[in-house]
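Okay, so here's the structure we're looking at.
Residue numbers (this note's numbering): 135 to 438.
Below, the structure is given as C-alpha cells:
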C-alpha cells in the first residue's frame, strides 16, 4: 500500500474522531480506511489508535506519529501542487467554510462562472452560524469571515464591505406608517436577533448622520438567531429589521423593501477570506480568492 495514503487515512481518523468521518472526508469506503490504518499499524509494529464504543482516540505514540505525519503529508501535497501549478489549470476539491446566510445568498450563487471555467474544480461548502468564530484550520482550504469592520481577522484578505440599515416591507409601512425619528422606533414592531449568549441582544446600536451613537431596545413580535429568518419576516410585513446590505440591497432596489430612517446606520461589516498559514498557496485557492474578489467588487455597491 502507498505509505502516504496510509498516513492520510490515519490523520483523517484522528481529525474526524472515527472511521466513518474519515471515509467521508477521503471519499472512500469505511472498510478501505480500516485497511489503510491496519496496514500502517502492522508496518510500524505498534498500535496508533484506541477504539471505544463512542469514539476513536490516538494512543500516546499515535499522537506523536500524528503530528509528524501531518507535516509529511502536508509537505508532499504542497510539493505536488507547486510542481504542477505552472502548467496545469486549477483542479481538485476546495473546502470552504462560509457563514450560512452569506453562503446561501451570496457565495453559492456566484460560483457558476468559476465552475464553468474550471471543470476540474469542485467546491465543498461548509455552512456555519455567522456568530461562530471563524478559524483557519486544516479542515478547510478557505474560511470566509464576516466581522465588525474594526475586527477583521489578522492575515485575511478583504473581499467587500457591508453595513446594517433599517428596512421594512411596503405593506408594513402602509399599515403602520414609517417612523421619521429614532425616538419613534419603539412605537413599532422591531425584529431582532436573539443569540444563545449571556449578552443582551435585543438592542440596536445605531449611528446617526452626525456620528452620534444611539441605542434602541427592541420589543418586536419575532426574534431569530439567523438574519435570513429576520429577512423573511420583514418581507412578510411583520415589522422593521436592521439587516446587512448584502441581504437587503437587491430587495431595496426592486421595491420589496423600503428604507426606514435612512440617515441611521447599524454595524459596519468587513467580508474577508483567510486560509491556513503555508509556504505555498495552491492555485485552486488563489483562483477562488481572485474570483470572489472580482465578483463581490462588482456587486457590493448595493451592500453599503
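Here a beta-carbon is modelled for each residue, glycine too, at the ideal position from N, C-alpha and C.
One or two residues paired with residue 281 in a DSSP bridge
404
Taking C-alpha atoms, which residue in 234, 402, 302 lies nearest to residue 438?
402
From residue 300 to residue 338, what does the alpha carbon distance come to, in whole angstroms?
10 Å
When the Cα of residue 210 is compared with those of 246, 137, 185, which residue comes out closest?
137
Under a three-way DSSP split, which group does residue 416 fall into?
coil
Identify, in the order they occur along the chain, each residue of the same chain with its Cβ nearer than 8 Å to the Cβ of residue 362, setting aside the five sequence neighbours on each side.
234, 235, 238, 239, 381
From this set, 409, 317, 430, 428, which residue's C-alpha is nearest residue 273's C-alpha?
409
By alpha-carbon positions, which one of 175, 246, 276 ends up nearest to residue 229?
276
Taking only three categories from DSSP, how would you classify residue 333?
Bear in mind that a pLDDT of 49 at residue 333, under 50, signals an unreliable position, so the model cannot answer this.
In whole angstroms, what is the alpha-carbon distance linking residue 396 and residue 415?
42 Å
Through-space distance from residue 180 to residue 154, alpha-carbon basis:
22 Å
Count the C-beta pairs between the stretch 291-307 and the stretch 253-262 that are closer than 8 Å, then say yes if the count reaches three, no if not.
no
Under the three-state reduction of DSSP, which class applies to residue 154: helix, strand or coil?
helix
Any contact between the stretch 351-362 and the stretch 277-287? By contact I mean 3 or more CB pairs, one from each, below 8 Å.
no
Check this for me: beta carbons of residue 142 and residue 160, under 8 Å apart or not?
yes
Any idea if residue 249 is buried or exposed, counting beta-carbon neighbours within 10 angstroms, 16 or more meaning buried?
exposed
Spatial neighbours of residue 196 within its chain, please: CB distance less than 7 Å, with the 5 preceding and 5 following residues excluded, ordered by chain position.
182, 183
Residue 288 versus residue 324 - alpha carbon distance
34 Å
Between the CA atoms of residue 260 and residue 223 - distance to the nearest angstrom:
24 Å
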